[in-house]
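Undergrad:
Numbering (the numbering used here), first residue to last: 3 to 60.
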């Protein structure tokens, strides 16, 4: 993960090459948050300040 980015910014880094638009990205981001609800709670935190387990989820 990129420590200087937020959790959500880290998750979105892989979305830059997608061609299915914002709706597809938004839907997939919500799916990630369903699998990893702790990431949703920490989505505005800088990734460098998350625990080791949370960083592995990223």
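We put the CB at the ideal spot given by N, CA and C, even for glycine.
1) Just the Cα atoms here: how many angstroms apart are residue 44 and residue 3?
2) In this structure, how does DSSP classify residue 8 when only helix, strand and coil are distinguished?
3) For the ligand FAD, is there a heavy atom less than 7 Å away from the beta-carbon of residue 51?
4) The alpha helix (DSSP H) with residue 18 in it runs from where to where?
5) Would you kindly check if the distance between the Cβ of residue 46 and the Cβ of residue 19 is under 8 Å?
TA: Result, derived from the coordinates:
1) The straight-line gap from Cα to Cα measures roughly 14 Å.
2) If DSSP states are grouped into helix, strand and coil, residue 8 belongs with the strands.
3) Absence of the ligand FAD is noted for the structure shown, with no ligands found whatsoever.
4) Taken as a continuous stretch (DSSP letters only), residue 18 belongs to no alpha helix (DSSP H), as it is neither H nor E.
5) In this structure, residue 46 does not lie closer than 8 Å to residue 19 by Cβ.
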